[in-house]
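For the sequence shown, my numbering gives the first residue as 9, with consecutive numbering after it. Yeah, the Cβ is synthetic: ideal placement off N, Cα and C, and Gly gets one too. Quantities reported herein were computed from a predicted structural model and do not represent experimental measurements.
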Amino acid sequence: MKRFVIAISVLVIAFASLATAQESRRFTVEELLKVRRVGDPQVSPDGRRVALTIGDVNFDANKTITHIYVMPLDGGSMKQLTSGDRSATSPRWSPDGKKIAYTTGGQIWVMDNDGDHKGQVTKISTSAAAPVWSPDGKWIAFTSDVYPDCSDDDCNKRKDEEADKSKVKAHITTRLLFRHWDEWRDVKRTHLFIVSSKGGTARDLTPGDFDSPPYAVAGDVDYAFSPDSKELAYLRNPDKVEAISTNSDIYIVPITGGMGRNLTSRNKGYEDSPMYTKDGLYIIYRSQATAGFEADRWRLMAYNRATGATAEITRGFDLQVEEAALSPDGNSVYFTAAERGHAPIYKVALAGGIPQKIVSDVFASGLQVSGDGNSLVFVNSSMAMPAEIYRANGTGGGVAAVTNVNGDFMAPL
């Protein structure tokens, strides 16, 4: 949400400036709404294609409808994989590149990588979101907002039906956080689930009266499978009153279920974005050191799974780490950092050291690294350009646009 607000603000300022310079065409709110929303690039495992989403405002329906597209990473024609009046989001390639999982109609679906043979994977009454494949391709993890005292979907469905039928619509709450912006958070909890990639009954891996992952305005996916597909790393705030706490920790849990184990209990600041290195030796994550300080600097950390030791990778770096992605060999971490109106891409060795800026003069988000390490893929936007998908080579050179979705619309400006 935070990055979305920033992006929209950039668009508004940029197009207001353009409208002043181009008196022949006033850039109105209606014009702004015609800009297509490009985002969520996902590189195929072979590094040859990129899946992405494009949102278009439907004025009659008074909403933005988003669909999934795929195109060659080195340029070429774009193919639309989903259609209709329901949005399709969160495209995620299967490890073998043959399938794409995605979310539509509040459920997880899987389709062939050309858009054929779409099949529904989840049938959970409380809806499913944010799919993540296991490395062996057998499982998909996702989140769902459920009643914490329910142990199965029948219970959740019954409680939802009772709430819908009740004439009393008042909210009675005895705790914080009960509401954030326009969303009530007083009854249900976000839990992490797992389901077979072929479909079936989903299992709750984080039962209890807490959110896993905790509510976050950034909206990032904060869970990941281990390389052997046997466990999941996820977030949870262990404090009793999470509304006044930033103590989000990294936990792990076997995919078969069981008690989650806290890996970062010593730090009372916020942790998020766990990623396993390919060899399984480390979990890389972001961390804030100061308890209760939401604006603290985000650092990049490494947790040694064998020894339990943690170390800062970006020690001495005075900018805030925004998004991070591992190199395929696991020896380096690429990340973005807000810097003087830009979000350039940096690279740092897993062992630590001085981060090197390898892509400048971009406002990068949605950072991805291809499986062969030859391409960095990201969303780029500027004060004069709406978001498009860009790529660079593994050393940061050869920066070029992959998409030109808004090119014709912007040309007259």
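Nearest neighbour of residue i, chosen from the options [CA to CA]
i, options, result
"D369", "S135, D380, G402 and V407", "V407"
"K87", "R100, S220, R313 and R57", "R57"
"S91", "G63, Q328, D104 and P139", "G63"
"P99", "Y342, K106 and T111", "T111"
"E443", "G268, L289, R305 and G288", "Past the edges of the chain, shown from 9 to 421, lies residue 443, and the structure says nothing about it."
"G405", "A69, V367, P363 and Q115", "V367"
"V387", "R45, L41, K165 and V195", "R45"
"H188", "P156, P222 and T272", "P222"
"R313", "G349, A241 and E250", "A241"
"Y284", "S102, V51, P336 and K177", "P336"
"T209", "K42, I73, Y293 and V129", "V129"
"Y338", "I292, A319, D326 and R348", "Position check: residue 338 holds Gly in this sequence, whereas Tyr was assumed. Closest option to G338, Cα to Cα, is I292."
Boundaries (first-last residue) of the alpha helix (DSSP H) holding residue i
i, result
"V37", "V37 to L41"
"G415", "G415 to M418"
"R244", "That residue, R244, is in no alpha helix (DSSP H); its beta strand (DSSP E) goes E239 to R244."
"S161", "Reading off the sequence shown, one finds Asp at residue 161, where the question assumed Ser. Taken as a continuous stretch (DSSP letters only), the alpha helix (DSSP H) holding D161 covers D161 to K173."
Between the CA atoms of residue j and residue i - distance to the nearest angstrom
i, j, result
"D144", "P80", "25 Å"
"R399", "V385", "4 Å"
"R193", "G84", "44 Å"
"K286", "G379", "11 Å"
"A317", "E302", "25 Å"
"S256", "V118", "31 Å"
"V377", "V78", "17 Å"
"T311", "Y290", "Looking at the sequence itself, residue 311 is Tyr, so the reference to Thr does not match. Between Y311 and Y290, the C-alpha separation is close to 5 Å."
"G381", "G300", "37 Å"
"P53", "D104", "7 Å"
"A96", "K175", "33 Å"
"L375", "D48", "9 Å"
"E39", "D68", "16 Å"
"M418", "V65", "17 Å"
"P394", "V37", "15 Å"
"G402", "A297", "31 Å"
"I132", "D161", "7 Å"
"G360", "T322", "6 Å"
"A171", "K165", "10 Å"
"S220", "C158", "15 Å"
Residues of its chain near residue i, where Cβ-Cβ distance is below 8 Å and the 5 sequence neighbours each way are ignored
i, result
"W147", "W141, I202, V203, S204, S205, F233, S237 and I263"
"R211", "F201, I202, V203 and G265"
"A351", "E330, T344, A345, V370, F371, A372 and S373"
"S340", "L334, K355, V356, A357 and L358"
"S135", "G114, Q115, S152 and D153"
"G127", "W117, V118, M119 and G207"
Same chain, Cβ closer than 7 Å to residue i, five either side skipped, listed in chain order
i, result
"G113", "R94"
"K365", "P352 and Y354"
"D247", "S253 and N255"
"N270", "P246, D257 and Y259"
"P156", "R197, G216 and D217"
"Q328", "R305, W306, A345 and A346"
"V413", "R44, V46, I62 and E396"
Buried/exposed call for residue i, threshold 16 Cβ in 10 Å
i, result
"K71", "exposed"
"I252", "exposed"
"A109", "buried"
"M267", "exposed"
"H179", "exposed"
"A29", "Below a pLDDT of 50, predicted positions are generally treated as unreliable, and A29, at 46, falls in that range; no measurement from the model is reported."
"A106", "First, the amino acid is wrong: residue 106 is Lys here, not Ala. Flag for K106 reads exposed."
"T182", "exposed"
"P282", "buried"
"I362", "exposed"
"M309", "buried"
"V410", "buried"
"G324", "exposed"
"P139", "buried"
"G415", "exposed"
"D2", "Only positions 9 to 421 of the chain appear in this structure, which leaves residue 2 out of reach."
"E239", "buried"
"V249", "exposed"
"L184", "exposed"
"R244", "buried"
Residue interval of the beta strand (DSSP E) (run including residue i)
i, result
"D337", "Careful: D337 lies outside any beta strand (DSSP E) and carries neither H nor E."
"E279", "E279 to Y284"
"T318", "T318 to E320"
"R294", "Y290 to S295"
"P99", "A96 to W101"
"D120", "Q115 to D120"
"H75", "K71 to P80"
"S204", "R197 to S204"
"W251", "Before going on, a small fix: residue 251 reads as Ala here, not Trp. No beta strand (DSSP E) holds A251; DSSP gives it neither H nor E."
"R57", "R57 to N66"
"E347", "Looking at the DSSP string, E347 is not in any beta strand (DSSP E), and its letter there is neither H nor E."
Close Cβ partners of residue i (< 6 Å) along its chain, the five nearest in sequence each way excluded
i, result
"G123", "L89"
"V261", "L213, L240 and G268"
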